[in-house]
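Q:
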Amino acid sequence: MKPSHYEDILIDLEGPVVTITINRPEAGNKFRHRTCLELFDALQRFRLDPALRAAVLTGAGEKFFCIGGEHDPVTSLDQSQVLPIVDVYQALDTVPKPVVAAVNGFAVGGGNVLHTVCDLTIASENAVFRQVGPMVGSFDAGYGSWYLEDTIGRKRAKEMWYLNQKYSAEEALAMGLVNEVVPADRLRERVTEVTRALTSRGPMAIAGMKAAFSARHNGVSGQARMAHDQQLSFYLQTREAHELSDSFGERRAPNPESFWS
Numbered sequence: 102m103k104p105s106h107y108e109d110i111l112i113d114l115e116g117p118v119v120t121i122t123i124n125r126p127e128a129g130n131k132f133r134h135r136t137c138l139e140l141f142d143a144l145q146r147f148r149l150d151p152a153l154r155a156a157v158l159t160g161a162g163e164k165f166f167c168i169g170g171e172h173d174p175v176t177s178l179d180q181s182q183v184l185p186i187v188d189v190y191q192a193l194d195t196v197p198k199p200v201v202a203a204v205n206g207f208a209v210g211g212g213n214v215l216h217t218v219c220d221l222t223i224a225s226e227n228a229v230f231r232q233v234g235p236m237v238g239s240f241d242a243g244y245g246s247w248y249l250e251d252t253i254g255r256k257r258a259k260e261m262w263y264l265n266q267k268y269s270a271e272e273a274l275a276m277g278l279v280n281e282v283v284p285a286d287r288l289r290e291r292v293t294e295v296t297r298a299l300t301s302r303g304p305m306a307i308a309g310m311k312a313a314f315s316a317r318h319n320g321v322s323g324q325a326r327m328a329h330d331q332q333l334s335f336y337l338q339t340r341e342a343h344e345l346s347d348s349f350g351e352r353r354a355p356n357p358e359s360f361w362s
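Residue numbers for the sequence shown follow the numbering used here, beginning at 102 and rising by one.
#1: Taking a contact to mean a Cβ-Cβ separation below 8 Å, would you say F165 touches G206 in this structure?
#2: Helix, strand or coil: how does DSSP classify T339 here?
#3: Which of the three DSSP states, helix, strand or coil, is assigned to T176?
#4: In its own chain, which residues sit with a C-beta less than 8 Å from the C-beta of E226, not counting the 5 before and 5 after it?
#5: In the DSSP assignment, find the beta strand (DSSP E) that holds D113 and state where it starts and stops.
#6: Evaluate the contact criterion for the region 187–201 versus the region 137–154: three or more CB pairs, one atom per stretch, below 8 Å.
#7: If you count every other CB in all the chains shown that lies within 10 Å of the CB of L184, and 16 or more means buried, which is it?
#8: If you compare alpha carbons, which of V292, R231, R146 is closest to G169?
#9: Give the secondary structure of V209 by DSSP, where H, G and I count as helix, E and B as strand, and everything else as coil.
#10: Taking the CB atoms as reference points, tell me whether A161 and P126 lie closer together than 8 Å.
#11: With a cut-off of 8 Å on the beta carbons, I'd call V209 and A224 a contact; round off their distance for me.
#12: Looking only at C-alpha atoms, which of A228, V295, R287, S315 sits nearest to W247?
#13: Rounded to whole angstroms, what is the Cα-Cα separation between C219 and A202?
#14: Does the beta-carbon of L178 have 16 or more other beta-carbons within 10 angstroms, so that it is buried, or is it exposed?
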């Protein structure tokens with residue numbers, strides 16, 4: 102994965118880890134249409150690069166991780182103008198490699214959903230978490246509700262969405278919204294330690310577990326992804342698959358006894 106020219110995000114490569122940074126600190130690292138397209142593109146490149154084993158998602162500066170989406174004024178029902186952030190959520194959820202959110206400040210609205218969809222969240226002690234949808238005339242009835250409920254429980258998720266309170270990093274840790282809280286000056290160091298551990302684990306095992314977690318909410322597409330990945334392992338590693346493939350190519354009947362020998 103070679104760093105491409107992006108306008109709204111930064112790409113930093115360090116060994117088998119790529120750090121993707123939303124680079125709009127003057128706008129609270131809000132994602133706009135271009136940001137979503139660039140994040141999706143970067144995640145697809147991450148997925149396809151065999152040299153990369155883990156990713157970090159963070160925000161530029163020291164104040165904001167991401168405070169949600171920046172919508173252009175809606176003047177028509179033109180679907181092309183809808184922020185393609187769901188594509189980003191889906192990419193984070195289904196890429197067969199771990200993604201760690203490094204929350205360095207405010208994670209609000211869609212920013213809170215972004216880190217929730219990531220596999221792990223490490224937060225700095227000055228991070229703040231909040232959902233504001235009903236205050237600003239919006240809501241997230243997909244990843245932002247289902248995954249949040251799975252993460253912190255039904256009552257807490259409803260509290261977060263209905264009352265729109267701010268939660269400190271320590272409060273987020275207590276409710277299970279984040280995995281760990283560290284001093285702000287140790288965030289990068291700790292995330293490096295976590296990604297180093299992740300890249301030492303078996304990539305196929307991690308991919309299998311991630312597919313299993315995401316399949317629960319992704320219906321047939323999630324099940325299909327899991328089945329597809331298992332099929333690769335089946336084909337490469339079992340005598341059964343080799344014998345059936347060879348016998349078909351050689352136009353002979355397969356020998357069932359060789360399936361286990």
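Built from N, CA and C at the ideal position, the CB exists for glycine as well.
A: Put simply:
#1: yes
#2: coil
#3: Any reading at T176 needs caution, since the residue's pLDDT is 49, under 50, leaving its predicted position unreliable; the model's value is listed next. If DSSP states are grouped into helix, strand and coil, T176 belongs with coil.
#4: A270, E271, V282, V283, P284, A285
#5: 110–115
#6: yes
#7: buried
#8: R231
#9: strand
#10: yes
#11: About 13 Å; that fails the 8 Å criterion.
#12: S315
#13: 6 Å
#14: Per-residue confidence for L178 stands at a pLDDT of 47, beneath the threshold of 50, marking its modelled position as unreliable; the derived number appears in the next sentence. With fewer than 16 other Cβ atoms within 10 Å, it is exposed.
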